[in-house]
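When you read off a place in the sequence shown, starting at 1, and then add 1324, the result is the number in my numbering. These notes are about the structure you will find just below.
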Amino acid sequence: MIIASPIEFAAKPHQPAPVLPADARWSVAAVEALFALPFLDLLFRAQRVHREHFTAGEVQRSTLLSIKTGGCSEDCGYCSQAARYSTGLERERLMPLDEVLEQARAARANGSSRFCMGAAWRSPKDKDLDAVIDMVREVKKLGLETCVTLGMLNDGQAEKLADAGLDYYNHNVDTAPDYYPEITTTHTLQDRLDTIDKVRAAGIHVCSGGIVGMGENQTTRAGLIAQLANMETPPESVPINNLVPIPGTPLADGATLDPFDFVRTIAVARITMPTSYVRLSAGREQMNDELQALCFMAGANSIFSGERLLTTHNADAGNDARLFERLDLVSI
Ligand code: SF4
1325 MIIASPIEFA AKPHQPAPVL PADARWSVAA VEALFALPFL DLLFRAQRVH REHFTAGEVQ
1385 RSTLLSIKTG GCSEDCGYCS QAARYSTGLE RERLMPLDEV LEQARAARAN GSSRFCMGAA
1445 WRSPKDKDLD AVIDMVREVK KLGLETCVTL GMLNDGQAEK LADAGLDYYN HNVDTAPDYY
1505 PEITTTHTLQ DRLDTIDKVR AAGIHVCSGG IVGMGENQTT RAGLIAQLAN METPPESVPI
1565 NNLVPIPGTP LADGATLDPF DFVRTIAVAR ITMPTSYVRL SAGREQMNDE LQALCFMAGA
1625 NSIFSGERLL TTHNADAGND ARLFERLDLV SI
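Structure, rendered in structure tokens:
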């Protein structure tokens, strides 16, 4: 549902636009107007909104582990794990509990507060869900928050995860509604929204975001952000991913996004979802320190740490430590 914003944003050079109330809803046009602000005005405004709701310099860190890799029946055009694409990825079975716990302990030792477990399934079978539920219970005992991403949930599955104490469920909307069929055809956006509704109804926090750099234009990026910001309760966690092109996938050879448009997307997410954690996610390994600093300035306050993001490389842990020190950032 798109609801007109009560305030129009005429971009006035060197004058920051007025701050919207936190509960205002966003039209795509209003979000596009934010994207069109002069870059420094947009960053200034995003930073101001950020400081109204969060402590500047505090960055939440999550570690993401692939607990079941490859062989997925779906056709998401960006994904290395879709069985139909020749990406060279080895298909793996569900990881045993002791290996998961070993990785979770390492994540905790490296400063992560949340441990995210991802499985490449269209939907989890009930016996697989039971195994994941054991993982959730045991990881929580380590004092970590838990998040899982398992695909679409059937009736009753979200409640089982909630009973196990799951803190977050990740299910990205990926892109704007009208662009979704360009990226995926084996399920619909509505299927994904239905799962997000089930997660919400079960009382689990929602982690949902999207991917930019998939050949979309600025209106599409505005449509993605409006869709997230207009959810009845916006996601508590909003990962913004920059496409990492995977050879063998349909999106392997697309044009690269202007890095400043990535920063703009972060800033617009921050302004439109002022109380959400906005996570600088996939693509961080390809960013230099200066670009990451701009993302933090634009309101990103969450990252993935660890060597891998499911199947792609992530930013180097040593470099992250140096970057946090140089920028006076604090892990939470
Ligand atoms: S559903 Fe998930 S794992 Fe499967 S192809 Fe899509 S993004 Fe990849």
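Don't be surprised by glycine CBs; every beta carbon is placed ideally from N, CA and C.
Leucine 1418 beta carbon less than 9 Å from that of isoleucine 1595 | Taking the first residue of the sequence shown as 1, we reach residue 1595 at position 271. Taking the first residue of the sequence shown as 1, we reach residue 1418 at position 94. No, the Cβ-Cβ distance between isoleucine 1595 and leucine 1418 is not below 9 Å.
Do aspartate 1450 and alanine 1443 have their C-beta atoms within less than 9 Å of each other?
-> As a working note, residue 1450 is residue 126 in the sequence shown. As a working note, residue 1443 is residue 119 in the sequence shown. Contact: no.
Tell me, which residues are paired with arginine 1608 by DSSP?
-> Here residue 1608 corresponds to residue number 284 of the sequence shown, with the count starting at 1. Paired residue(s): none; arginine 1608 is not in a bridge.
What does DSSP give as the partner residues of histidine 1529 in its beta bridges?
-> Along the sequence shown, one-based indexing puts residue 1529 at 205. According to DSSP, histidine 1529 bridges with Tyr1492.
With 16 other Cβ atoms within 10 Å as the buried cut-off, status of proline 1505 | Along the sequence shown, one-based indexing puts residue 1505 at 181. It is exposed - the Cβ of proline 1505 has fewer than 16 other Cβ atoms within 10 Å.
Around the ligand SF4, what residues have a beta-carbon under 5 Å from a heavy atom of it, in chain order?
-> Cys1396, Glu1398, Cys1400, Cys1403, Gln1405, Ala1406 and Ala1444
Cβ shell of glycine 1607 (< 8 Å), same chain only, five flanking positions each side left out | The residue you call residue 1607 lines up with position 283 of the sequence shown. The answer, listed in chain order, is Gly1537, Asn1565, Asn1566, Leu1567, Val1568 and Phe1586.
Would you mind sorting leucine 1653 into buried or exposed? The rule is 16 or more other CB atoms within 10 Å of its CB.
-> Taking the first residue of the sequence shown as position 1, residue 1653 is located at position 329. Buried, because 16 or more other Cβ atoms sit within 10 Å of the Cβ of leucine 1653.
Answer with buried or exposed for serine 1410, where buried requires no fewer than 16 other C-beta atoms within 10 angstroms of its C-beta.
-> Numbered from its first residue, the sequence shown carries residue 1410 at position 86. It counts as exposed.
Proximity of valine 1456 and methionine 1476 at Cβ, strictly below 9 Å | What you label residue 1456 is simply residue 132 of the sequence shown in a count that begins at 1. What you label residue 1476 is simply residue 152 of the sequence shown in a count that begins at 1. Contact: no.
Going straight from the alpha carbon of glutamine 1405 to that of alanine 1526, what length do you get?
-> Residue 1405 sits at position 81 when you count from the first residue of the sequence shown. Residue 1526 sits at position 202 when you count from the first residue of the sequence shown. Their Cα atoms are separated by approximately 28 Å.
In whole angstroms, what is the alpha-carbon distance linking threonine 1508 and glycine 1489?
-> Indexing the sequence shown from 1 puts residue 1508 at position 184. Indexing the sequence shown from 1 puts residue 1489 at position 165. Distance between the alpha carbons of threonine 1508 and glycine 1489: 31 Å.
Excluding sequence positions up to five away, which residues of its chain have a Cβ less than 7 Å from the Cβ of arginine 1385?
-> Within the sequence shown, residue 1385 is the residue found at index 61, counting from 1. Gly1435, Ser1436, Ser1437, Ile1627, Ser1629 and Ser1655.
Check whether the Cβ atoms of proline 1448 and glutamine 1427 sit closer than 9 Å, and answer yes or no.
-> As a working note, residue 1448 is residue 124 in the sequence shown. As a working note, residue 1427 is residue 103 in the sequence shown. For proline 1448 and glutamine 1427, no; Cβs fall outside 9 Å.
Look at the alpha carbon of valine 1463 and the alpha carbon of phenylalanine 1439, and state the distance between them as a whole number of angstroms.
-> For the purposes of this step, residue 1463 is identified with residue 139 of the sequence shown, where counting begins at 1. For the purposes of this step, residue 1439 is identified with residue 115 of the sequence shown, where counting begins at 1. Spanning the two alpha carbons is a distance of roughly 8 Å.
Within this structure, are the beta carbons of leucine 1548 and glycine 1534 separated by less than 9 Å?
-> Numbered from 1 along the sequence shown, position 224 holds the residue referred to as residue 1548. Numbered from 1 along the sequence shown, position 210 holds the residue referred to as residue 1534. Yes, these two residues count as a Cβ contact at 9 Å.
Could you tell me which of Arg1349, Arg1369 and Leu1474 sits nearest to glycine 1394, measuring between CA atoms?
-> The count along the sequence shown starts at 1 and reaches residue 1394 at position 70. Nearest C-alpha to glycine 1394: Leu1474.
Cut-off 7 Å between Cβ atoms - residues of its own chain near aspartate 1515, not counting five sequence neighbours on either side = Walking along the sequence shown from the start, residue 1515 turns up at place 191. Excluding residues within five positions, the ones whose Cβ falls inside 7 Å are Met1476.
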